[in-house]
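Below: one structure, written as structure tokens.
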Amino acid sequence: MGQKKEHSNLIKEHLKKRGITQTWLAKELGMSFSITNAYVCNRKQPNFAIIFKVADLLGVSPKELVE
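Under my numbering, think of the first position of the sequence shown as 2, with each following residue one higher.
Next up, the structure:
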């Protein structure tokens, strides 16, 4: 059987690079801190709409947020 590939995102790295807090990101996304933190820490993966919104807020392409 094939192994399921784990996906992760690079939101944390981009927040750190720009000096942006998870609290700010949560507020801008209109989400709770706990959900935003789960995305940032890769415990939960955001859907494409969230990835695009985060990318827009951080001034990067969505492609830069996923690996």
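Built from N, CA and C at the ideal position, the CB exists for glycine as well. Predicted model only: the values in this text are computed from it and were never measured.
Residues of its chain near residue i, where Cβ-Cβ distance is below 7 Å and the 5 sequence neighbours each way are ignored
{"i": "GLY60", "result": "none"}
{"i": "ALA27", "result": "SER33, PHE34 and THR37"}
Residues that residue i bridges to, as DSSP identifies them
{"i": "ASN10", "result": "VAL67"}
N-terminal and C-terminal residue of the alpha helix (DSSP H) that residue i is part of
{"i": "SER35", "result": "34-41"}
{"i": "GLN23", "result": "23-30"}
{"i": "VAL55", "result": "49-59"}
Beta-carbon proximity list for residue i, same chain, < 8 Å, skipping 5 on both sides
{"i": "GLU65", "result": "LEU11, HIS15 and ALA56"}
{"i": "ILE52", "result": "ASN10, PRO63, LEU66 and VAL67"}
Integer-rounded CB distance, given that residue j should sit under 8 Å from residue i
{"i": "GLN23", "j": "THR37", "result": "6 Å"}
{"i": "LYS18", "j": "VAL41", "result": "So it is not a contact: roughly 13 Å between Cβ atoms."}
Any non-hydrogen atom of the ligand ZN within 7 Å of residue i CB
{"i": "TRP25", "result": "Because no ligand of any kind appears in the structure shown, any question about the ligand ZN cannot be addressed here."}
Residues near residue i in its chain [Cβ-Cβ closer than 6 Å; skip 5 each side]
{"i": "ALA39", "result": "LYS45"}
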